[in-house]
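J.: Dropping the structure in here first, questions after.
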Amino acid sequence: MTDTTETKHAAEHVLDAEGHFHVEDAPIDLSHYLFEDWTSLAFFWLLGLSVFYQFFTRYVMNDSAAWTEEIARYLLICTVFVAIAASVRRTRHIHVDFLYRLIPPKAGRALSTLVDIMRIAFFALAVGLTLEMMMKMGNLQMTIIDLPMNIIYGICAFGFAAAAVRSVQVAIENWRRGFSLLERPEHAIEEHIE
Amino acid sequence: MTGWLLSGFLVLMVTGIPVAIAMAGASLIYFYLSGTSPPMVVVHRMISGIDSFPLLAVPFFILAGNLMNNAGITNRIYNFALALVGWMKGGLGHVNIIGSVIFAGMSGTAIADAAGLGTIEIKAMRDHGYSKEFSVGVTAASATLGPIIPPSLPFVIYGMVANVSIGQLFLAGVLPGLVMTLLMMLTVAYYAHKNNWGADIKFLWSRVGKATLELIIVIAFPLVIWLAVSVGVNPPLATGVAMVALFAADWKFKFEAVLPIMTPVLLIGGMTTGIFTPTEGAVAASIWALFLGLFWYRTLTYKMLIKVSMETIETTATVLFIVAAASIFGWLLTATRVTDLVTAWVLGFTHSPWVFLLLVNLLLLFVGCFLEPTAAILIAVPVLMPVVLQLGIDPVHFGLIVVLNLMIGLLHPPMGMVLFVLARVARMSLERTTMAIVPWLVPLLGSLILITYIPIISLWLPKLFYR
Chain A
16 MTDTTETKHA AEHVLDAEGH FHVEDAPIDL SHYLFEDWTS LAFFWLLGLS VFYQFFTRYV
76 MNDSAAWTEE IARYLLICTV FVAIAASVRR TRHIHVDFLY RLIPPKAGRA LSTLVDIMRI
136 AFFALAVGLT LEMMMKMGNL QMTIIDLPMN IIYGICAFGF AAAAVRSVQV AIENWRRGFS
196 LLERPEHAIE EHIE
Chain B
153 MTGWLLSGFL VLMVTGIPVA IAMAGASLIY FYLSGTSPPM VVVHRMISGI DSFPLLAVPF
213 FILAGNLMNN AGITNRIYNF ALALVGWMKG GLGHVNIIGS VIFAGMSGTA IADAAGLGTI
273 EIKAMRDHGY SKEFSVGVTA ASATLGPIIP PSLPFVIYGM VANVSIGQLF LAGVLPGLVM
333 TLLMMLTVAY YAHKNNWGAD IKFLWSRVGK ATLELIIVIA FPLVIWLAVS VGVNPPLATG
393 VAMVALFAAD WKFKFEAVLP IMTPVLLIGG MTTGIFTPTE GAVAASIWAL FLGLFWYRTL
453 TYKMLIKVSM ETIETTATVL FIVAAASIFG WLLTATRVTD LVTAWVLGFT HSPWVFLLLV
513 NLLLLFVGCF LEPTAAILIA VPVLMPVVLQ LGIDPVHFGL IVVLNLMIGL LHPPMGMVLF
573 VLARVARMSL ERTTMAIVPW LVPLLGSLIL ITYIPIISLW LPKLFYR
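Protein chains in written order, with this note's numbering: chain A, 16 to 209; chain B, 153 to 619.
Below, the structure is given as structure tokens:
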């Protein structure tokens, strides 16, 4: 793997002799994006549209539509809570891994397995608590828009549930592979550079 | 009970579980053990923690930066930087720094810059015969500029946590960013002198002149609008005419990088004059970047737009997941009086702002090695803020100190995260990478000392515009 990338890197020159840069974008592959990615993308683009609409009404028509602010806040919540699952799948959530460089591999393996289990437990618990909260809230309405808040909370519950499922998958993957990205962070950086 | 919360969080975080889960998890454990409130409060506060209009600035600043970070614009910026400083001795070292300064004006993150731009910068320097050590060192050092020069994601997060105007923080970053740039370029000049390096391109008046002219246009643009407004032209008209003239000139003279470099100028201009809130500024920057990419330079494809959006969502979600968890955890820290205890402890120890700032510098340099900057801000700032206010330190100045420390921490041996990224990018051992970065700590720590102990460097511009 290292050899092929070395030759690929050596073949191209970023800066030519006349002093012009020739950087090229890496080819784009969208196939590794899954359901939660596309769902959060839909929320994000809706968010972009609503904020753009607000921008437009405020600066061009001098009269900003109040509902756009509320809907934008809710769409941000939806985008984030669904995308949490995607970042679980890719192990991109911000974590600290210095301990794994200091302890023996076997202890690292055990600790990393514990982390996998705790992550599943946390997201499963979060689903339960969100559902409990939705029942407590009953039919609480949004502030300006005439819709129940439980739509938003329901999407958050869905995001937590998806994150729980992805946590299980990551745990299985780590188990099969025999190591996690906590133990070998360079594995993730390698993928990032390619 | 109080001790459980903090130690529970620290233990969880050290195991390597995501920082957000460590915060929310420790809060959950606290509620289950103490029984003071039902545990579902945790999810409720997490969700309402990101239910805020100012937070919308986060995804759009990230989006604007990502939109600008494609090959078309990257080439323009490097060509511009090369024309401007490539003729100096140690040319590509200077180009590397100026390139980072310009990218810093469009995006607000450091680790991504080190991995993405670092690959290009190191390759160009290697092609021109610079040593790996020098290439990696200058790349690492200049990556710290990203969040100091506005716009900056860490400043948005800090402003939110510390309740400080984001516009003031952005302005406060300008001069420190220039001080750092200057010290780093002096370091390159020193290396070039010591090793007797030549220039990388010939000095041509036409080339340097054109790049300088582009720079002058960028600086003159807001001044012209300001002058027009001060003689009585109404602001929308002045801005509109200036914009049309700008694009006409760009179309006629085919400027290399005037429009991308204009991004921070428009943003800061809009925010200081009160035209934009930070959120609107972020949206405006995104619209600007979209317009340049889709219609003006046409370097952005539909597929690329999807990829850029996905990357934006990922960064947004990982940062805001911590913001969400911090909103319950931070509230518990205050409610259980942990922050009061810390304040009392620190004030029992010292009453001198200078000593306190020294200790903060040491603490944050250490923390910055392990912890991603936005996460570190969300944890450390709420705890330190009461002391800062008690000692009469300006919170804007403090913000600069915090962010710069965390940035330097990112590449500080032996643990900094940028160190590991660059070791992989350059395919170099960790030991060699460390040795490559160590000399660059001189200009960086030098800037840190200047910025910590000469507050006016940070505070002059915000005081000028916000009084």
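Beta carbons: idealized from backbone N, C-alpha and C, even for Gly.
(1) Going along chain B in order, which residues have a C-beta closer than 7 Å to the C-beta of A:G34?
(2) Indicate whether B:A578 and B:T586 have their beta-carbon atoms separated by less than 8 Å.
(3) Quick check: the stretch 269-276 of chain B against the stretch 431-450 of chain B, are at least 3 beta-carbon pairs closer than 8 Å?
(4) In whole angstroms, give me the CA-to-CA distance for A:A25 and B:T339.
(5) Can you give me the start and stop residues for the alpha helix (DSSP H) that B:E524 sits inside?
(6) Which residues in the same chain have their Cβ closer than 7 Å to the Cβ of B:E366, if we skip the five residues on either side of it in sequence?
(7) With 8 Å as the C-beta to C-beta threshold (strictly closer), list the residues of the stretch 39-68 of chain A near chain B in chain order.
(8) Taking three-plus beta-carbon pairs below 8 Å as touching, is the stretch 587-594 of chain B in contact with the stretch 563-574 of chain B?
(9) Less than 8 Å between the beta carbons of B:T291 and B:M559, yes or no?
(10) Using a Cβ-Cβ cut-off of 6 Å (strictly less than) and excluding sequence neighbours within five positions of B:G598, which residues of its own chain qualify?
(11) Ends of the alpha helix (DSSP H) at B:S438?
(12) Would B:I225 and B:Y449 qualify as a contact pair, given that the criterion is a beta-carbon distance under 8 Å?
(13) For chain B, find out if any of its Cβ atoms is closer than 8 Å to the Cβ of A:A80; answer yes or no.
(14) Classify A:R104: buried if its beta carbon has 16 or more other beta carbons within 10 angstroms, exposed otherwise.
(15) B:L418 to B:F428, Cα distance in whole Å?
(16) Tell me which same chain residues have a C-beta within less than 7 Å of the C-beta of A:K23, skipping the five on either side of it?
(17) B:N348: which of B:I420, B:S358, B:M240 sits nearest, CA to CA?
(18) Kindly indicate which three-state DSSP category B:P191 falls into: helix, strand or coil?
(19) With distances taken between CB atoms, is the gap from A:S55 to A:A98 smaller than 8 Å?
(20) Alpha carbon to alpha carbon, how far is B:M220 from B:I309? Give it in angstroms, no decimals.
(21) Just the C-alpha distance for A:E51 and B:P505, rounded to the nearest angstrom, thanks.
(22) Between A:A57 and A:I135, is the Cβ-Cβ spacing less than 8 Å?
(23) Can you tell me whether B:L600 is buried or exposed? The criterion is at least 16 other CB atoms within 10 Å of its CB, across all chains shown.
(24) Could you tell me which residues DSSP pairs with A:L30 in its beta bridges?
(25) What's the gap between the Cα of B:G433 and the Cα of B:W483?
(26) Just to make sure I have the definition right: I need the residues of chain A whose C-beta is within less than 9 Å of the C-beta of B:E432. Which are they?
(27) Which full runs of the alpha helix (DSSP H) of 4+ residues lie inside the stretch 453-525 of chain B, going along the chain?
(28) Spatial neighbours of B:Y230 within its chain, please: C-beta separation below 7 Å, excluding the five flanking residues on both sides.
(29) Is the Cβ of A:L117 closer than 8 Å to any Cβ of chain D?
(30) Are there 16 or more other CB atoms within 10 angstroms of the CB of B:L616, so buried, or fewer, so exposed?
(31) With a cut-off of 8 Å on the beta carbons, I'd call A:A100 and A:G174 a contact; round off their distance for me.
(32) Could you work out which residues of chain A lie near B:M165, taking near to mean beta carbons separated by less than 7 Å?
(33) My assumption, with CB atoms under 8 Å, is that B:R359 sits in contact with B:A235. Please give the rounded CB distance.
(34) Taking a cut of 7 Å between CB atoms, which residues from the stretch 466-498 of chain B lie near chain A?
(35) Please list, in chain order, all residues of the same chain as B:M456 whose beta carbon is under 7 Å from its beta carbon, the five residues on each side excluded.
(36) Do B:L574 and B:A324 have their C-beta atoms within less than 8 Å of each other?
T.: Let's see:
(1) Chain B residues near A:G34: L234, G238, I353.
(2) No, they are not a contact pair.
(3) By the Cβ rule, the stretch 431-450 of chain B does not count as touching the stretch 269-276 of chain B, because fewer than three pairs are nearer than 8 Å.
(4) The pLDDT assigned to A:A25 is 39, lower than 50, so where the model puts this residue is not dependable; a value taken from the coordinates is nonetheless given after this. Looking at the two C-alpha atoms, the distance is approximately 29 Å.
(5) Here B:E524 belongs to no alpha helix (DSSP H), and DSSP marks it neither H nor E.
(6) The residues F232, F407, E408, A409, V410, in chain order, have a CB closer than 7 Å to that of B:E366 in the same chain once the five nearest residues on each side in sequence are set aside.
(7) Cβ contacts with chain B: E39, D40, I43, L45, Y48, D52, S55, L56, F59, W60, L62, G63, V66, F67.
(8) The stretch 587-594 of chain B is in contact with the stretch 563-574 of chain B.
(9) Result no, Cβ atoms of B:T291 and B:M559 do not sit closer than 8 Å.
(10) Only residues of its own chain outside the window of five on either side were considered, and among them L335 have a CB closer than 6 Å to the CB of B:G598, listed in chain order.
(11) Here the alpha helix (DSSP H) through B:S438 covers 430-443.
(12) Cβ atoms of B:I225 and B:Y449: closer than 8 Å.
(13) Chain B contact via Cβ: absent.
(14) Buried, because 16 or more other Cβ atoms sit within 10 Å of the Cβ of A:R104.
(15) Counting only the Cα atoms, B:F428 lies some 10 Å from B:L418.
(16) Confidence at A:K23 is low in this model, with a pLDDT of 37, below 50, so its placement is unreliable and no value can be given for it.
(17) Per the Cα distances, B:M240.
(18) Three-state result, B:P191: coil.
(19) Taking 8 Å as the Cβ cut-off, A:S55 and A:A98 qualify as a contacting pair.
(20) Roughly 22 Å between the two C-alpha positions.
(21) Each residue's Cα considered, the two are about 48 Å apart.
(22) By the CB criterion at 8 Å, A:A57 and A:I135 fall outside the cutoff.
(23) Around the beta carbon of B:L600, a 10 Å sphere encloses 16 or more other beta carbons of the protein chains shown; the residue is thus reported as buried.
(24) DSSP lists A:F36 as partners of A:L30.
(25) Straight-line Cα distance between these residues: approximately 29 Å.
(26) What B:E432 touches in chain A: V66, Q69, F70, R73, Y74.
(27) If only uninterrupted alpha helix (DSSP H) runs of at least 4 residues are considered, those enclosed by the stretch 453-525 of chain B are 454-487, 490-501, 505-522.
(28) Within the same chain, Cβ atoms closer than 7 Å to the Cβ of B:Y230 are found at V247, G251, the five residues on either side in sequence being excluded.
(29) Absent from the structure is chain D; the protein chains it does hold are A and B.
(30) With fewer than 16 other Cβ atoms within 10 Å, it is exposed.
(31) About 6 Å separates the two Cβ atoms, so the contact holds.
(32) Within chain A, the residues near B:M165 are V111.
(33) The Cβ separation is near 5 Å, so the contact holds.
(34) Cβ contacts with chain A come from E466, T468, A469, T470, L472, F473, I474.
(35) For B:M456, where only same-chain residues beyond five positions count, the Cβ hits under 7 Å are N222.
(36) Taking 8 Å as the Cβ cut-off, B:L574 and B:A324 do not qualify as a contacting pair.
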